[in-house]
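Okay, so here's the structure we're looking at.
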Amino acid sequence: MTIEELNNIDQTFDESQFISKVYHIFVQLLHSIMLDQLQNVKHAVGDEVYGWAEDQLNQAKEDHCRQMYDELNVSDTKITGIDMNDELFTIDVLLKSKYMDYKMDLNSGKVVSGNQNHRIQVNYLLRWTKKVDAHVQKMARKCPGCGAPININVSGQCQYCGTIYNLEDYDWILTRLEIC
Amino acid sequence: MKKRFLKILKYIWLIGILCLPFAYSTHMKADSGWDTDYSSSGSSSSSSSGSGWSSGSSSSGSSGSSSSSSHDSDRDSSHSYRGSSSSDGDEVAICVLFLIIFAVAYILMKLFIYPASSQNKVLYEDIDEEKLKALLPEYSIEQLKDILFNKFVNIQEAWTNFDYPKLRELCSDDLYHTYQSQLEVLKMKESQNMMHHFKLVSAYLTDVSCEQDSVDVEMVLRTTFYDYIVDIHDGSVTRGSDTEKVDNQYRLQFRIAKKSEEIKCPNCGAKITAVSSTECEYCGTTIVIESSDFVLVNKNKIRQR
Chain A
1 MTIEELNNID QTFDESQFIS KVYHIFVQLL HSIMLDQLQN VKHAVGDEVY GWAEDQLNQA
61 KEDHCRQMYD ELNVSDTKIT GIDMNDELFT IDVLLKSKYM DYKMDLNSGK VVSGNQNHRI
121 QVNYLLRWTK KVDAHVQKMA RKCPGCGAPI NINVSGQCQY CGTIYNLEDY DWILTRLEIC
Chain U
1001 MKKRFLKILK YIWLIGILCL PFAYSTHMKA DSGWDTDYSS SGSSSSSSSG SGWSSGSSSS
1061 GSSGSSSSSS HDSDRDSSHS YRGSSSSDGD EVAICVLFLI IFAVAYILMK LFIYPASSQN
1121 KVLYEDIDEE KLKALLPEYS IEQLKDILFN KFVNIQEAWT NFDYPKLREL CSDDLYHTYQ
1181 SQLEVLKMKE SQNMMHHFKL VSAYLTDVSC EQDSVDVEMV LRTTFYDYIV DIHDGSVTRG
1241 SDTEKVDNQY RLQFRIAKKS EEIKCPNCGA KITAVSSTEC EYCGTTIVIE SSDFVLVNKN
1301 KIRQR
């Protein structure tokens, strides 16, 4: 499927806005691992990706370390495939990022493994999905649990009742992540 | 004689063109969004990926340094040629030497005297004024370049100073939250990214387009500035250089709302000033709307010198 064909079916789709979203959610995902704030991205990723992020975080914690993706920069983002079935739109993206990959001791702050001086390039294959019958997001976003105002760009979790805003009912979410 | 000379010339140009990518490879040497690479030794793996030229760069240069590989072709075909006279061979050698000197001089000129301006002229140019006026009639191209460059500088300064309210005002919702999380990591490392003394080298308005509720403007900007990271406790430089400016070229995307009419809160009906994402001051509802002023939506580094 081409972008034009996708646009004909989903008229809210805009390529540059989608690429921008890919960048932001990817950066926030890696930062949430660094800062131990996975709840901030839970609404924007599927279970598989959330599980991967939890694994990264927990592996570092077991070693009393913090996993760093320091000076993270996304140098290129490219749509490699678009598909559709009865329930979901699917977009595959090749994302090229650069960062300093190292682990930092939680207590001393010293580097225990990896390289703190040079960025390495890491390419990711990301799969994004959106429901075919997704609702249009309104101007005012409210918690599905209690109706309180919610700013999903800060965190997808309601600060009052803790309910996670279900972004998959409205927008693209990251459902698969693979390092290549 | 002429045919042989042309053949040699062709080989020299071919070698020169093959050497051209190496002549233009940049030495990787921080900025908001971590576009600058501070690696002092510039490992080849990082310098060759992601920050190199776009595909059009090789078209801007035409000559390259050459190595003398032409003697073999002289010998191969000259068995009978040497039998007649050696002066022709000397003339060819002198011509080749002259060409090598010329090629090296040309490369040095391109690298150190006229590097950027020629490349920028080849790659980027402003859109037509009419195209801009059709979507943003209140701005001229030069005026908009000034405005957007100043916004860019203000954003970098806000990043340096951890000025979240300023970043909120100047960036789109998504970009603001990305910068916010990046700054939190900086704070966690007890570091500060210093950026100052911005000087505009070149700016091109390369595109303007109309979205549903907004107008997007794309600008290719080249600027020099000091970019380094310091320890917040003692001010020592931990990454980059405080004595040498970086020279970066960016593709920036700014966005502005199509109409700056008053917007009412969908929850309580109160009037709201248009900023990307705001809370109604009466009922606290978070509103997502396009800004009535230019905000930075995307920033991609094209090249770092």
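First to last, the sequence lines map onto chains A and U.
Sequence positions in the first sequence follow the numbering used here and run 1 to 180.
Sequence positions in the second sequence follow the numbering used here and run 1001 to 1305.
We put the CB at the ideal spot given by N, CA and C, even for glycine.
These numbers come from a predicted model, not from an experiment.
Closer than 7 Å by beta-carbon distance: list the chain A residues that pair up with residue i, in chain order.
i, result
"U:T1178", "H24, V27 and Q28"
"U:D1231", "Neighbours of U:D1231 on chain A: none; closest Cβ ~11 Å, over 7 Å."
"U:M1215", "It should be pointed out that residue 1215 of chain U corresponds to Val in this sequence rather than to Met. Residues of chain A passing the Cβ test: none, with the nearest at roughly 13 Å."
"U:L1039", "Before going on, a small fix: residue 1039 of chain U reads as Ser here, not Leu. Here the neighbours are N117, H118 and R119."
"U:E1157", "Simply none; closest approach about 19 Å."
Could you tell me whether any non-hydrogen atom of the ligand FMN is closer than 7 Å to the CB of residue i?
i, result
"A:K131", "In terms of ligand content, the structure shown is empty, and the ligand FMN therefore cannot be addressed."
Can you pull the chain U residues whose beta carbon is under 9 Å from the beta carbon of residue i, in chain order?
i, result
"A:L35", "S1181, E1184, V1185 and M1188"
"A:H31", "T1178, S1181, Q1182, E1184 and V1185"
"A:D47", "Here the premise fails: no neighbours, minimum Cβ distance about 22 Å."
Per DSSP, which one or two residues make a beta bridge with residue i?
i, result
"U:H1196", "U:Y1226"
"A:V49", "Answer is none; A:V49 lacks a bridge partner."
"U:K1271", "U:K1264"
"U:Y1204", "U:V1220"
"A:I179", "A:Y124"
"A:Q174", "Rather than Gln, the amino acid found at residue 174 of chain A in this sequence is Leu. Its beta-bridge partners are A:V45 and A:W128."
"A:Q116", "DSSP lists no partner for A:Q116."
"U:S1209", "U:D1216"
"A:Q157", "A:I164"
"U:S1191", "U:D1231"
"A:V111", "A:M104"
Just curious, the beta strand (DSSP E) that residue i is in, first and last residue?
i, result
"U:A1257", "V1237 to A1257"
"A:S97", "L88 to D105"
"U:I1302", "V1295 to Q1304"
"A:N123", "I120 to K131"
"A:N73", "C65 to M84"
Between residue i and residue j, how many whole angstroms is the CB-CB distance? I'm expecting something under 8 Å.
i, j, result
"U:L1175", "U:V1096", "Not a contact, Cβ separation roughly 55 Å."
"U:K1301", "U:D1035", "4 Å"
"A:Y69", "A:M104", "Not quite, the Cβ-Cβ distance comes to about 11 Å (not below 8 Å), so this is no contact."
"A:V41", "A:Q28", "5 Å"
"A:R119", "U:D1037", "6 Å"
"A:K98", "A:N123", "The Cβ separation is near 10 Å, so there is no contact."
"U:Q1182", "U:N1248", "Not really, about 17 Å apart at Cβ, beyond 8 Å."
"U:Y1226", "U:K1299", "In fact, because the Cβ distance is near 18 Å, the residues do not count as touching under 8 Å."
"A:A53", "A:S32", "7 Å"
"A:L125", "A:C180", "5 Å"
"U:Q1156", "U:F1198", "7 Å"
"U:V1201", "U:T1238", "Not quite, the Cβ-Cβ distance comes to about 27 Å (not below 8 Å), so this is no contact."
"A:V207", "A:F18", "The structure shown does not extend to residue 207 of chain A, since chain A is modelled only from 1 to 180, so the question has no answer here."
"A:K78", "A:V93", "7 Å"
Kindly list, in the order they appear in chain U, the residues whose Cβ is closer than 8 Å to that of residue i.
i, result
"A:N107", "Correct list: empty, because the minimum Cβ distance to chain U is about 14 Å."
Ends of the alpha helix (DSSP H) at residue i?
i, result
"U:E1157", "I1141 to T1160"
"A:Y23", "E15 to L35"
"A:N40", "Careful: A:N40 lies outside any alpha helix (DSSP H) and carries neither H nor E."
"U:Q1182", "D1173 to M1188"
"A:E5", "I3 to I9"
"U:E1130", "E1129 to L1135"
"U:E1169", "Y1164 to L1170"
Who are the neighbours of residue i on chain A, taking C-beta pairs under 8 Å?
i, result
"U:D1035", "N73"
Residues of chain U with a CB under 7 Å from the CB of residue i: which are they?
i, result
"A:S182", "Residue 182 of chain A is absent from the structure shown; chain A starts at 1 and stops at 180."
Against residue i, what residues of chain A qualify as contacts under a CB-to-CB distance less than 9 Å, listed in chain order?
i, result
"U:E1211", "D14, S16 and Q17"
Below 8 Å, how does it come out for the region 1145-1156 of chain U and the region 1170-1184 of chain U: are there three or more Cβ pairs, yes or no?
By the criterion of at least three beta-carbon pairs nearer than 8 Å, the region 1145-1156 of chain U is in contact with the region 1170-1184 of chain U.
For the pair the region 1213-1232 of chain U and the region 1187-1195 of chain U, tell me if three or more CB-CB distances fall below 8 Å.
They touch, by the three-pair rule.
Per the contact definition of three or more C-beta pairs closer than 8 Å, is the region 1136-1148 of chain U in contact with the region 1197-1209 of chain U?
Touching, yes.
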